[in-house]
Structures are given as structure tokens and as C-alpha cells.
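By our numbering, the letter at position 16 of the sequence shown is numbered 68, and the numbering carries on one by one without gaps. From the three backbone atoms N, C-alpha and C, an ideal C-beta is built for every residue, glycine too. From a predicted model like this one, the values you see are computed outputs, not experimental measurements. Let me begin by presenting the structure, written as C-alpha cells, before commenting on it.
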Amino acid sequence: RLYDEAIAMTEREIITRVLQRMAGNQLQAAKALGITRTTLRAKMKQLGISLGTAVQCRAEAQDEPAGGRGDQ
Numbered sequence: 053r054l055y056d057e058a059i060a061m062t063e064r065e066i067i068t069r070v071l072q073r074m075a076g077n078q079l080q081a082a083k084a085l086g087i088t089r090t091t092l093r094a095k096m097k098q099l100g101i102s103l104g105t106a107v108q109c110r111a112e113a114q115d116e117p118a119g120g121r122g123d124q
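Structure follows, in C-alpha cells:
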């Protein structure tokens, strides 16, 4: 069970980062990952990744000051 959780966590991080880098473009993200768009969408569903959340995380990260979150 620990192995499966570690793999899922790693996949979630990689897919989210690639989606962020590609500004949410699933076709470009799939190409960068070496998988089909259909496989990417299935992985996103399996891992609970929403396109809006992935892209929003990127926008928030760009707005943050270098020292961390600005709301503290």
C-alpha cells in the first residue's frame, strides 16, 4: 500500500507540474510526458487532478513573493 501511495503522489506531482508548464494544454502536456491525451485524462481522473486546480496553482505560485506566501 505504501508503494502505491508513493507512486500516486509522484505521478500527481509530475502531471501537475507539466500541466502548469504547458498552461493547462493537455495535448502538449501529454506529448511532454510521452503519453496520449486519453491516457493523461484518465490519469488525471484517477489521481484527482482537475485542470483548473493545476493551472490555478501555477498562477498563485507566480504571484507569491520569493520568501513564501504573502498572506502571513
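Item: Check whether residue 63 and residue 83 have beta carbons under 8 Å apart; Value: no
Item: Buried/exposed call for residue 74, threshold 16 Cβ in 10 Å; Value: buried
Item: Nearest residue (CA-CA) to residue 78, options 93, 53, 66, 65; Value: 93
Item: Closest by C-alpha distance to residue 102, when choosing among 80, 72, 87; Value: 72
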